[in-house]
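K.L.:
Under the UniProt record's numbering, read the sequence shown as residues 1 to 248, first letter to last.
Every residue gets a Cβ at the ideal spot worked out from N, C-alpha and C, and that includes glycine.
Bear in mind that the values here come from a model prediction, so they are computed numbers and not experimental data.
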Amino acid sequence: MCKSSPCFPWSLLEPINGVWNPGEVFVQTPWRGHRQTVHLITRFELKQLKVKETLLLEENQNLTRELDEVKNKIQKLQKEKKNLTEQIETMEKPWNEQNVSRAQWSVDEYCPKEKNRKCSSCQTGWQHSQSSCYAVNYAEPQDQKTWEEAREDCRGKSSDLTVVSNEEKMFVKDNSWVNDKIEGYWIGLRAEGGKWRWIDGSDLTNQAWIQQQPVDGQCVTSLRNREWRSESCDEKNGWICEKKALSV
1 MCKSSPCFPW SLLEPINGVW NPGEVFVQTP WRGHRQTVHL ITRFELKQLK VKETLLLEEN
61 QNLTRELDEV KNKIQKLQKE KKNLTEQIET MEKPWNEQNV SRAQWSVDEY CPKEKNRKCS
121 SCQTGWQHSQ SSCYAVNYAE PQDQKTWEEA REDCRGKSSD LTVVSNEEKM FVKDNSWVND
181 KIEGYWIGLR AEGGKWRWID GSDLTNQAWI QQQPVDGQCV TSLRNREWRS ESCDEKNGWI
241 CEKKALSV
């Protein structure tokens with residue numbers, strides 16, 4: 001029986017090649033009939049291993065925490081995606097219904113039942129000339145509008161106050177009907193910065209079409225059998241809307 005514990009012949013340890021390594025010592029020696037390779041770990045090496053172990057544990061904890069954060073973000077994004085999907089579905093239904101209604105309205109307006117669904121370039125109540133459709137809004141005095149009000153009405157009909165080209169001038173003038181209840185029809189021309197300017201941003205090129213000088217706050221009316229006239233934009237008159245004609 002060995003008198004020391006563990007039973008190992010420590011006295012047989014010898015340096016390898018006559019050199020001691022403070023970190024690792026390898027020896028081969030017979031023990032209990034076998035040759036054994038002994039690896040001795042110094043206290044310094046053990047301390048280093050413990051430091052590495054601590055660092056690895058901390059890194060593992062950090063990675064675990066980051067993984068949990070990523071999982072939480074994924075859950076939040078999935079929830080947001082679900083909410084957005086539900087919102088889109090909620091919005092799509094009335095939008096689709098509205099599109100169907102608008103399509104049906106277009107069919108009824110441009111291809112009325114009364115004409116056996118025969119389609120026209122302009123909807124019912126509008127007049128076709130060149131590539132445009134016109135709505136001449138003759139209104140009773142109580143329903144007449146200022147220039148801005150008239151433009152707002154046209155926009156509500158997917159159009160705007162008429163911008164008159166050379167080819168259209170006679171058509172607009174001929175359809176500016178004379179009546180004792182109306183003194184003119186607003187068109188899309190007004191004074192801006194000392195110039196007569198159309199609502200599309202272009203300047204009036206033929207100054208002979210109106211004799212008055214442009215003064216800010218003045219807008220232009222058309223009436224059959226007289227030249228265009230400058231009036232305060234706050235006056236109330238009839239108005240002429242224009243929009244693109246359909247190709248049929």
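Could you check what DSSP says for residue 249 in three-state terms: helix, strand or coil?
P.N.:
Within the shown structure, residues of the chain are numbered from 1 to 248, placing residue 249 beyond reach of any answer.
K.L.:
Label S232 either buried or exposed according to how many other C-beta atoms from any shown protein chain fall within 10 Å of its C-beta, with 16 as the threshold for buried.
P.N.:
What you label residue 232 is simply residue 232 of the sequence shown in a count that begins at 1. That one is exposed.
K.L.:
Take the Cβ of A150 as the centre, count every other Cβ of all protein chains shown within 10 Å, and call the residue buried at 16 or more, exposed below.
P.N.:
Numbered from 1 along the sequence shown, position 150 holds the residue referred to as residue 150. Burial call: buried.
K.L.:
Quick one: using the 10 Å Cβ neighbour count with 16 as the cut-off for buried, is W228 buried or exposed?
P.N.:
As a position in the sequence shown, residue 228 is number 228, starting the count at 1. Buried, since its Cβ has 16 or more Cβ neighbours within 10 Å.
K.L.:
Using beta carbons (cut-off 8 Å, strictly below), is N206 in contact with chain B?
P.N.:
You won't find chain B in this structure, because it holds only one protein chain.
K.L.:
Among the candidates D143, Y134 and E89, whose CA atom is the shortest distance from the CA of residue 251?
P.N.:
Any answer about residue 251 is impossible in this case: the structure gives the chain only from 1 up to 248.
K.L.:
At what residues does the beta strand (DSSP E) containing N137 begin and finish?
P.N.:
Reading the sequence shown from its first residue, position 137 is the one you call residue 137. Taken as a continuous stretch (DSSP letters only), the beta strand (DSSP E) holding N137 covers S132 to N137.
K.L.:
Report all residues from its chain with a CB closer than 8 Å to the CB of K244; omit the five preceding and five following residues, and keep chain order.
P.N.:
Residue numbering aside, residue 244 sits at position 244 when the sequence shown is read from its first letter. Answer for K244: S131, S132 and C133, listed in chain order.
K.L.:
Bridge partners for N62 per DSSP, in chain order?
P.N.:
One-based indexing of the sequence shown puts residue 62 at position 62. N62 is not bridged to any residue.
K.L.:
How would you call G238, buried or exposed, if buried means at least 16 neighbouring beta carbons within 10 angstroms?
P.N.:
Within the sequence shown, the letter at position 238 stands for residue 238. Its Cβ being crowded by 16 or more others within 10 Å, G238 is buried.
K.L.:
Just to confirm my understanding: we take D203, look at its own chain, exclude 5 residues before and 5 after, and list those with CB closer than 8 Å. What are they?
P.N.:
Indexing the sequence shown from 1 puts residue 203 at position 203. If we look at D203 and ignore the five residues flanking it on each side, its Cβ neighbours are K195, W196 and R197.
K.L.:
Grouping DSSP H, G and I as helix and E and B as strand, with all else coil, what is C241?
P.N.:
Position 241 of the sequence shown, counted from the first residue, corresponds to residue 241. The answer is strand: DSSP assigns C241 an E or B state.
K.L.:
Between W147, K157 and N116, which has its C-alpha nearest G125's C-alpha?
P.N.:
Within the sequence shown, residue 125 is the residue found at index 125, counting from 1. If we check each option's Cα against that of G125, K157 comes out closest.
K.L.:
Taking the alpha helix (DSSP H) that E231 belongs to, which residues open and close that run?
P.N.:
Within the sequence shown, numbered from 1, the residue matching residue 231 stands at position 231. Per DSSP, E231 belongs to no alpha helix (DSSP H); it is in the beta strand (DSSP E), R229 to S232.
K.L.:
Quick check: C241 and W147, are their CB atoms within less than 8 Å of each other?
P.N.:
Within the sequence shown, numbered from 1, the residue matching residue 241 stands at position 241. Within the sequence shown, numbered from 1, the residue matching residue 147 stands at position 147. Going by C-beta atoms, C241 is not nearer than 8 Å to W147.
K.L.:
From the DSSP output, which residues share a beta bridge with E149?
P.N.:
Taking the sequence shown and counting its residues from 1, the one referred to as residue 149 is at position 149. DSSP, once it has assigned bridges, lists no residue as partnering E149.
K.L.:
Can you list, in chain order, the residues of its chain with a C-beta nearer than 7 Å to that of C122? Leave out the 5 residues immediately preceding and following it.
P.N.:
In the sequence shown, residue 122 corresponds to position 122, counting from 1. Closer than 7 Å at the Cβ level, and outside the excluded window around C122, lie H128, C133 and A245.
K.L.:
Which residue or residues does DSSP assign as beta-bridge partners of V51?
P.N.:
Here residue 51 corresponds to residue number 51 of the sequence shown, with the count starting at 1. Per DSSP, none; premise fails for V51.
K.L.:
Applying the 10 Å Cβ sphere with the 16-neighbour rule, what's the burial state of residue 263?
P.N.:
The requested residue 263 is not part of the displayed model; the chain covers only 1 to 248.
K.L.:
Can you give me the C-alpha to C-alpha distance between Y110 and V178, rounded to a whole angstrom?
P.N.:
As a position in the sequence shown, residue 110 is number 110, starting the count at 1. As a position in the sequence shown, residue 178 is number 178, starting the count at 1. Distance between the alpha carbons of Y110 and V178 is about 29 Å.
K.L.:
Whose C-beta lies closer than 6 Å to the C-beta of D200 among residues of the same chain, with five residues either side of it excluded?
P.N.:
The residue labelled residue 200 in the question sits at position 200 within the sequence shown. Cβ neighbours of D200 beyond the five flanking positions: V163.
K.L.:
For the candidate residues E86, S230, D234 and T85, whose alpha-carbon lies nearest to that of Q144?
P.N.:
Translated into the one-based positions of the sequence shown, residue 144 becomes position 144. Of E86, S230, D234 and T85, the residue nearest in Cα terms is D234.
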